[in-house]
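Here is the structure we will look at, set down as structure tokens.
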Amino acid sequence: MTDSFSLLTDVFKCFHAGSCPRQSSADVAAAIFSCVCGLSCSPAAEEEQEQQKNSRGELSCMSVTLVENMVSLLNQDQDQDQPADVTQFCVDAVSLLFHHMDLMTQLVRHFHSEEQIVSHLAAKCASTYVVYYLLKSGAVSVVWQQKCVEVFHCSAPGAELDVCLWSLTEVLKKLLKTAHREVIRTLVSAFDSALSALCSAFLSEEKQHWMVLTSSREHWGTTFCLLLDLLEALTASGLTCDVSLKSQKSVYAHAPALLTAVASSSEYYVKKRAMLLLKRAVLQKAGEDWTSGEASTRERLGSDVNVLAQTVLTAVAAEWLQSVQVESESFFGGTRRTRVDEGQKPDCVMLRAVSLLLLKSMELHVQTAGAGAAAAADGVAEVYEYLQRLWTFLRRCSVQLSAVTHLCCWLPLLFGEQDDDMMEAAKASLCIFLHHRLRSGSDNLAALDAACASGCNPHCHFLSLLQSVSFDHSLLLDFLISTETCFLEYFVRYLKLVASDWQGFAAACEKVASSSHSRTPPPTQRHEAGCSSRVQPTGGGVGVGLRLVAYESSDESDSENMEVPVCAETQNPTFNVKAPRLLTDAAVSGQNSSCETLTRAVVCLSEVGAVVTRLQTKKLFPYNPTSLLRLLAQVQTCSQQSPLSHVITRQ
207 MTDSFSLLTD VFKCFHAGSC PRQSSADVAA AIFSCVCGLS CSPAAEEEQE QQKNSRGELS
267 CMSVTLVENM VSLLNQDQDQ DQPADVTQFC VDAVSLLFHH MDLMTQLVRH FHSEEQIVSH
327 LAAKCASTYV VYYLLKSGAV SVVWQQKCVE VFHCSAPGAE LDVCLWSLTE VLKKLLKTAH
387 REVIRTLVSA FDSALSALCS AFLSEEKQHW MVLTSSREHW GTTFCLLLDL LEALTASGLT
447 CDVSLKSQKS VYAHAPALLT AVASSSEYYV KKRAMLLLKR AVLQKAGEDW TSGEASTRER
507 LGSDVNVLAQ TVLTAVAAEW LQSVQVESES FFGGTRRTRV DEGQKPDCVM LRAVSLLLLK
567 SMELHVQTAG AGAAAAADGV AEVYEYLQRL WTFLRRCSVQ LSAVTHLCCW LPLLFGEQDD
627 DMMEAAKASL CIFLHHRLRS GSDNLAALDA ACASGCNPHC HFLSLLQSVS FDHSLLLDFL
687 ISTETCFLEY FVRYLKLVAS DWQGFAAACE KVASSSHSRT PPPTQRHEAG CSSRVQPTGG
747 GVGVGLRLVA YESSDESDSE NMEVPVCAET QNPTFNVKAP RLLTDAAVSG QNSSCETLTR
807 AVVCLSEVGA VVTRLQTKKL FPYNPTSLLR LLAQVQTCSQ QSPLSHVITR Q
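Add 206 to a position in the sequence shown, counting from 1, and you land on the number used in our numbering.
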């Protein structure tokens with residue numbers, strides 16, 4: 207035992223130093239195999255000393271870790287300049303262990319070990335080798351596959367099922383990072399039927415199923431969350447690869463069961479994990495934190511996402527939101543009790559997930575709604591009924607949101623801490639508003655009044671966004687350049703709306719300025735609230751831009767057929783931003799305040815256009831912004847043609 211420890215220690219030291227071990231690969235492989243087998247083949251506990259038992263366990267863990275390190279080295283890219291002798295040593299040792307000594311059989315035996323550290327290290331080592339073997343041969347390890355399939359068919363929550371779920375998820379994640387589509391197809395196909403059976407056994411729409419599961423199974427919460435992790439990885443594999451297997455659609459197929467889990471589970475962390483999975487599924491962003499490349503099958507999966515959206519809306523109509531419980535916000539280390547005078551702060555992560563799930567489902571619903579007159583009338587009423595249900599839910603769960611009088615403030619209040627979710631929510635709200643205006647036949651101002659009554663006025667949302675960044679154009683520029691949010695798509699759509707509805711934009715400036723619930727503190731300097739401080743567009747040229755990952759041009763950021771603005775188009779816009787004079791806080795009140803909000807918004811947009819034009823001229827902007835600049839110029843033209851004195855004050 208001492209000799210084995212010394213040998214393994216020497217090998218670890220050599221790998222750490224980047225040198226080849228002195229021992230032969232055959233000797234090292236034999237020592238490793240002996241140590242791994244020693245734990246499972248050791249004498250009964252009563253026949254050996256406790257110290258010897260612990261030593262065997264430590265040696266087994268050390269051996270498994272060494273194997274995992276060697277396989278990881280072989281999985282690394284070839285451009286990392288590993289010494290050839292070290293690489294060859296690992297190839298020889300791994301080949302001896304897995305091809306001649308059948309180490310995988312010993313590893314899967316440890317999956318049901320009572321020692322969690324042993325079972326985890328065995329699963330980690332097995333998963334690493336499975337990835338290596340898949341990439342090298344294009345085949346799945348038969349021993350590992352048979353073990354996992356056998357356990358999946360048993361479907362009993364426990365340590366062994368947990369390890370198998372974790373192992374398969376880990377393999378999928380590693381393959382998704384490297385975007386090996388054919389290999390992923392091979393892997394998922396091997397487990398498709400077993401995973402479908404597992405999901406059918408675990409995911410039920412009946413509340414009684416969850417009551418029995420939570421009361422009779424001690425480890426069901428951990429097992430269920432591991433299953434959700436695997437479902438997210440499977441969904442991500444369907445988004446990134448040209449594969450369409452049953453198990454990859456499990457989230458969509460079992461959406462009613464996941465909604466039931468959110469409403470019925472006794473464990474809050476299970477509710478939250480299921481809710482976050484549903485949110486990512488409807489946004490088609492499953493696994494976005496650890497996948498490489500772009501989703502290639504979003505259009506093909508559109509029908510599945512639409513089914514998910516209809517499932518969500520059906521549940522909401524059946525009072526599902528009343529069953530969703532939201533606890534206090536979480537902190538590092540868990541949750542905390544709040545003082546009586548401090549007020550209860552809800553878990554905003556959960557609130558955002560529920561809100562975005564419903565908003566996105568409504569967006570998908572209105573995009574596929576029928577075009578008949580009766581369908582249009584029913585659709586408008588239906589959409590705003592969903593919004594009212596959402597607002598009732600938010601007021602029940604959040605004291606802060608319940609105090610809001612201008613309902614459009616709810617979006618920046620709830621989503622202000624999460625930029626990507628806020629942009630998705632704003633884009634969905636904009637789509638819902640455009641649908642309402644088109645189907646209701648109302649004029650612009652009437653549609654805006656109805657939207658404000660339901661917290662869905664896109665002008666108020668955009669102005670609140672500008673207030674939250676203190677009208678700083680550089681932050682909007684960051685959003686435009688970043689690929690982490692859908693801001694470009696949202697911004698282009700919204701600018702089209704502003705150019706066709708300037709009167710509504712000006713009216714929203716008045717409403718937002720008079721609201722007492724603005725989240726943004728007054729800036730240290732204010733622009734003059736005069737009607738003369740408008741930005742004049744001047745002639746100029748726009749160069750050809752470079753490419754961004756998501757778009758070649760800002761034209762591609764909007765596929766919808768929106769209204770053509772009534773303002774005159776500017777073919778070659780450039781932006782000349784004149785800094786207005788500054789006023790003290792005392793000089794801004796009443797109509798001046800709304801006039802100032804409008805002025806600052808126009809100046810901010812003008813500054814964005816000026817900076818984008820300058821970067822584009824120097825070929826420093828990451829994509830072709832010609833369409834974006836044209837829309838910004840149209841907004842400036844609208845501000846010039848519609849003086850602020852024409853802002854309609856509505857009582």
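Glycine residues also receive a C-beta, built at the ideal position from the N, C-alpha and C atoms.
(request) Go ahead and pull the three-state DSSP assignment for residue 536. (result) strand
(request) For residue 618, write down the residues that DSSP places opposite it in a beta bridge. (result) For residue 618, which the question treats as bridged, DSSP gives no partner whatsoever.
(request) Note down, in chain order, each residue of its chain lying with its Cβ closer than 7 Å to the Cβ of residue 626, except the 5 sequence neighbours on either side. (result) 690 and 691
(message) Relative to the C-alpha of residue 529, which candidate in 713, 595 and 212 has its C-alpha closest?
(response) 595
(message) Which same chain residues end up closer than 8 Å to residue 603 when comparing Cβ atoms and leaving out the 5 residues on each side of it in sequence?
(response) 532, 552 and 557
(message) My output table needs one value for residue 289: the three-state DSSP class, helix, strand or coil.
(response) coil
(message) Alpha carbons only, please: which of 465, 342 and 212 is nearest the one belonging to residue 524?
(response) 465
(request) Determine the extent of the alpha helix (DSSP H) in which residue 558 is found, giving its start and end residues. (result) 554 to 573
(message) With a threshold of 8 Å, are at least 3 pairs of Cβ atoms found where one atom belongs to the stretch 611 to 628 and the other to the stretch 636 to 651?
(response) no
(message) Given a cut-off of 9 Å on the beta-carbon distance, is the pair residue 840 and residue 705 in contact?
(response) yes
(request) Return the CA-CA distance between residue 328 and residue 491, expressed in angstroms with no decimal places. (result) 31 Å
(request) Write down the C-beta distance between residue 476 and residue 408 rounded to the nearest angstrom, noting that I regard them as a contact closer than 8 Å. (result) 12 Å between Cβ atoms; not a contact.
(request) Look at the alpha carbon of residue 396 and the alpha carbon of residue 272, and state the distance between them as a whole number of angstroms. (result) 28 Å
(request) Reducing DSSP to helix, strand and coil, say where residue 673 ends up. (result) helix
(request) Take residue 669 as the anchor and find which of 824, 340, 806 and 404 has the nearest alpha-carbon. (result) 806
(message) Helix, strand or coil for residue 551? Go by DSSP, reduced to three states.
(response) coil
(request) Taking residue 344 as part of the alpha helix (DSSP H), name the residues at either end of that continuous run. (result) Segment: none, residue 344 is in no alpha helix (DSSP H) and carries neither H nor E.
(request) Quick one: using the 10 Å Cβ neighbour count with 16 as the cut-off for buried, is residue 820 buried or exposed? (result) exposed
(message) Restricting to runs no shorter than 3 residues, where is the beta strand (DSSP E) found entirely within the stretch 355 to 434?
(response) none
(request) Locate the alpha helix (DSSP H) running through residue 686, then write down its first and last residues. (result) 679 to 687
(message) Along the chain, where does the alpha helix (DSSP H) containing residue 705 start, and where does it finish?
(response) 693 to 706
(message) Taking the straight line between their C-alpha atoms, what separation do you get for residue 357 and residue 369?
(response) 10 Å
(message) Give the list of continuous alpha helix (DSSP H) stretches no shorter than 4 residues that lie fully inside the stretch 434 to 509.
(response) 456 to 459, 461 to 470 and 474 to 488
(request) Kindly indicate the opening and closing residues of the alpha helix (DSSP H) around residue 650. (result) 650 to 659
(request) Leaving out five residues on either side along the sequence, give the residues of the same chain with a beta carbon under 6 Å from the beta carbon of residue 453. (result) 398, 401, 402 and 440
(message) Less than 7 Å between C-beta atoms, sequence neighbours within five positions excluded: which residues of the same chain meet that for residue 811?
(response) 838 and 841
(request) For the stretch 359 to 378 and the stretch 300 to 308, state whether three or more C-beta atom pairs, one from each stretch, are separated by less than 8 Å. (result) no
(request) Using three-state DSSP, classify residue 612 as helix, strand or coil. (result) coil
(request) For residue 298, I'd like the list of residues in its chain whose CB is within less than 6 Å of its CB, leaving aside the five on either flank, ordered along the chain. (result) 231
(request) Compare the Cα-Cα distances from residue 262 to each of 321, 291 and 289 and report the closest residue. (result) 321
(request) Whole angstroms is fine: what's the gap from residue 513's alpha carbon to residue 458's? (result) 7 Å
(message) For the ligand ATP, I want to know if residue 243 counts as a neighbour, meaning its beta carbon is within less than 8 Å of at least one of the ligand's heavy atoms.
(response) Only the bare structure without any ligand can be found here, which leaves the ligand ATP out of the picture.
(request) Check residue 645 in the structure and name its three-state DSSP category. (result) helix
(request) Have a look at residue 339 and residue 224 and give me their C-alpha separation to the nearest angstrom. (result) 24 Å
(request) Taking the CB atoms as reference points, tell me whether residue 834 and residue 697 lie closer together than 9 Å. (result) yes
(request) Rank 309, 310 and 325 by C-alpha distance to the C-alpha of residue 316 and give the top, closest one. (result) 325
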